[in-house]
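In our numbering, the protein residues as written are 132 to 878.
Using N, Cα and C, we set each Cβ at its ideal position, and we do this for glycine too.
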């Protein structure tokens, strides 16, 4: 196609867009809908279309020098190609500056950094260069301030292109989730920096840019756009905080070499200095031409609980700097393949494991987890294994490491924010109560008591709902499944208390969830305490975890679920581990109930487990999330587990964190917040704030630090985000007291 015809086709496509497509969007997002609605972009496109159609496409000499109707078209038309967007980074920078001013930080926290030799060479040297500034998650505020100073230090006529983190949630969900989009956003900024006095903004130039953009190679597009300025003596500075990669952080290791390649391609044309800010430790094995500066570290620590290894990034996988014990292999991992036990029953079998097979490993730090989801018969090394339906696909060593990374991020961000900052009042608030319906909790042997004591101390009640059984049986767990599930909840929420409900019965050599027992347990857990009742009424829990499922509905369980929802109890259930090969319903019951939040298994980076159900399933649509469920361990067992059974309690724990935060200052100033959060649409909305899309069809992976413990935000800002989200659902009267606090703080 003739290059001018290519431009004409794109202009006509953009003209066909309708203002009605606009909808709500964040002010930092620049889209074609916003331009059509708020600016005179439609008329500018019409004028450009007239210029194109009145020129002879076969005579480039006649049309290349034609002036553009408006200078902004040089960046707008390429930006909106293929419905792309631009991110208004000045709005992001202003937001970060606002937060830093509220934290009374002074420039002294970064002054020593500017005195370092590597930084001096980068800032004042005469050659193009790449500087890698490496810190940790605890130095997020310092890195934010340093990045803004690097941007603000660039003065005209020199040009600065930058991408700073954290991005607003709406922006993070729409863009900047992959390496190519970083280069794309920088190329757009470079186009915006073109000035008609130095670079004539002609039709020929726009055609040239569109050819670069249409190729889809944003590296070449950025290089070509920067080369346009070679006739004018300018220095270019690029500042990128790799936090904008979010769940694709593993791509951070590629950035230094990409920018070094860009410098070499532009050598002798443009002076380009690049600063890459990394908020995590990465392997320093890059080209020697890339200089590295490590920020001094004096991190705050939580009370001793479990020792996390420092995260290192190197290539596509983020391994730890050493691993305790031997790598996970097929021989030491419990896998739940969730297949139907037999044609005569709709349940899935849970094969028991002798307690002798579950001794706690030396040096066990108690940072592991498990969960079930359906029911099936599984065997590993000749050992019969519990199979409630979510022990899936073997977790590789990298899966276990990524899950460990997820918990490490949780500790250094959300836990630091929730339990150490002023205003947490976590010691005085009523703890979140969670019922765990499973196989029990192992606390009879000396080994169990040694390894599980910190978790046992947070169990408020043991109950057996199987006919003829005693409550003391709930303190046993021959399979290890229920124990691992319970531990995961307690690792995510550091103040929640548990009510252990044994709901499995023997069926030959297997254990299966008993539907009648499940029904009783749900009703007991959800009912309010009643001193006048002979049995004291119910427990009044906030959350119920069910890491199991059946192919078909059950009326008794359905009625119990309805009763629990009437009492404001949130229920979480594991979805399936059969992929597309499961029973008629790919999402098991109760996970597919509209009143239950379903949970899929993923690795710690958010990659969907290969045996998880389809992310586009019609069941549980809109009330389904994913969480780490691969390479899960328990402190009283050497084996690791995988499956949606173990992702489920992690999701329940995240919900507990949200409810805990609502009981802390400043949200506790508005008691109605806690009431609204008992409603399932409210909880789903806030869980979406605490998650990010990973993969197709909009399935959300839980990353609680995106909401609670977000870098650079104080408690009042986080509280306001939650209030603002609830107001969309319930009206402006929600959180009036918090709104007044927020308004006062701004004044």
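Check your understanding: Where in the segment 338-397 do unbroken runs of the alpha helix (DSSP H), each at least 4 residues long, occur, reported from the N-terminal end onward?
Key -> 349-358, 386-396
Review point. Leaving out the 5 sequence neighbours to the left and right, which residues in its chain are closer than 8 angstroms to residue 335 when beta-carbon positions are compared?
Key: Cβ neighbours of residue 335 within its own chain (closer than 8 angstroms, five residues either side excluded): 191, 194, 195, 196, 197.
Review point. In terms of residue numbering, what span does the beta strand (DSSP E) encompassing residue 408 cover?
Key: For residue 408, the uninterrupted beta strand (DSSP E) segment begins and ends at 402-409.
Review point. Exposed or buried, which one is residue 588 when buried takes at least 16 other CB atoms within 10 Å?
Key: exposed
Review point. Are the C-beta atoms of residue 324 and some chain D residue less than 8 angstroms apart?
Key: Structure shown: chain D not included; a single protein chain is present.
Check your understanding: Just curious, the alpha helix (DSSP H) that residue 135 is in, first and last residue?
Key -> 134-146
Practice item. Out of 280, 788, 730, state which residue places its alpha-carbon closest to the alpha-carbon of residue 560. Key: 788
Exercise for review: Starting from residue 94, follow the alpha helix (DSSP H) in both directions and report where the run begins and ends.
Suggested key: Beyond the ends of the chain as shown, which are 132 and 878, falls residue 94; an answer cannot be given.
Review point. Sorted by chain position, which residues of the same chain lie with C-beta nearer than 6 angstroms to residue 614's C-beta, five sequence neighbours on each side aside?
Key: 572, 573, 608, 765
Check your understanding: For the putative contact between residue 771 and residue 762, defined by C-beta atoms under 8 angstroms, what is the C-beta separation to the nearest angstrom?
Key -> 5 angstroms
Exercise for review: Return the CA-CA distance between residue 636 and residue 778, expressed in angstroms with no decimal places.
Suggested key: 23 angstroms
Practice item. Could you please give the first and the last residue of the uninterrupted alpha helix (DSSP H) stretch that includes residue 276? Key: 271-283
Practice item. Since I believe residue 703 is in contact with residue 782 (beta carbons under 8 angstroms), could you give me their beta-carbon distance rounded to a whole number of angstroms? Key: Sure, about 5 angstroms apart at Cβ, within 8 angstroms.
Check your understanding: What are the residues that DSSP puts in a beta bridge with residue 731?
Key -> As a beta-bridge residue in DSSP terms, residue 731 pairs with 757.
Review point. Anyone know if the C-beta pair for residue 293 and residue 220 falls short of 8 angstroms?
Key: yes
Check your understanding: In whole angstroms, what is the alpha-carbon distance linking residue 217 and residue 797?
Key -> About 35 angstroms.
Practice item. Take residue 376 as the anchor and find which of 408, 321, 699, 606 has the nearest alpha-carbon. Key: Minimum Cα distance to residue 376 is reached at 408.
Check your understanding: residue 676 lies in the beta strand (DSSP E); which residues open and close that run?
Key -> 674-677
Check your understanding: If you run the structure through DSSP and keep just helix, strand and coil, what is residue 198?
Key -> strand
Point to revise | Where the beta strand (DSSP E) containing residue 822 begins and where it ends | key: 822-824
Review point. Using CA coordinates, which residue listed in 579, 578, 602, 623 is at the minimum distance from residue 539?
Key: 623
Review point. Since residue 612 contacts residue 569 with CB under 8 angstroms, what's their CB separation in whole angstroms?
Key: 6 angstroms
Check your understanding: Should residue 741 be labelled buried (16 or more other beta-carbon atoms within 10 Å of its own) or exposed?
Key -> exposed
Check your understanding: Rounded to a whole number of angstroms, what is the C-alpha to C-alpha distance between residue 348 and residue 393?
Key -> 13 angstroms
Review point. At which residues does the alpha helix (DSSP H) containing residue 810 begin and terminate?
Key: Unbroken run through residue 810: none, as it is neither H nor E.
Review point. Does the Cβ of residue 283 have 16 or more other Cβ atoms within 10 Å, making it buried, or fewer, making it exposed?
Key: exposed
Exercise for review: Within its chain, find whatever has a CB closer than 8 angstroms to the CB of residue 147; leave out the 5 residues flanking it on each side and keep chain order.
Suggested key: none
Review point. With a CB to CB cut of under 7 angstroms and the five nearest residues on each side skipped, what residues in its chain are close to residue 672?
Key: 564, 565, 566, 630, 656, 657, 700
Exercise for review: Could you say if the segment 716-724 and the segment 680-693 meet the contact criterion of at least three C-beta pairs nearer than 8 angstroms?
Suggested key: yes
Practice item. Give a yes or no on contact between the segment 798-807 and the segment 850-864, applying the rule of three or more CB pairs nearer than 8 angstroms. Key: Short answer: they touch.
Check your understanding: Considering only residues of the same chain and omitting the five flanking positions on each side of residue 185, which have a CB-CB separation below 7 angstroms?
Key -> Within the same chain, residue 185 has no close Cβ partners at all.
Check your understanding: Using the beta-carbon count (16 or more within 10 Å), is residue 311 buried or exposed?
Key -> exposed
Check your understanding: Thinking C-beta only, is residue 249 closer than 8 angstroms to residue 262?
Key -> yes
Review point. Does DSSP put residue 836 in a helix, in a strand, or in coil?
Key: helix
Exercise for review: Determine, using beta carbons only, whether residue 757 and residue 736 come nearer to each other than 8 angstroms.
Suggested key: Taking 8 angstroms as the cut-off, the beta carbon of residue 757 is found no closer than this to the beta carbon of residue 736.
Review point. Which value, in whole angstroms, describes the spacing of the CA atoms of residue 786 and residue 817?
Key: 9 angstroms
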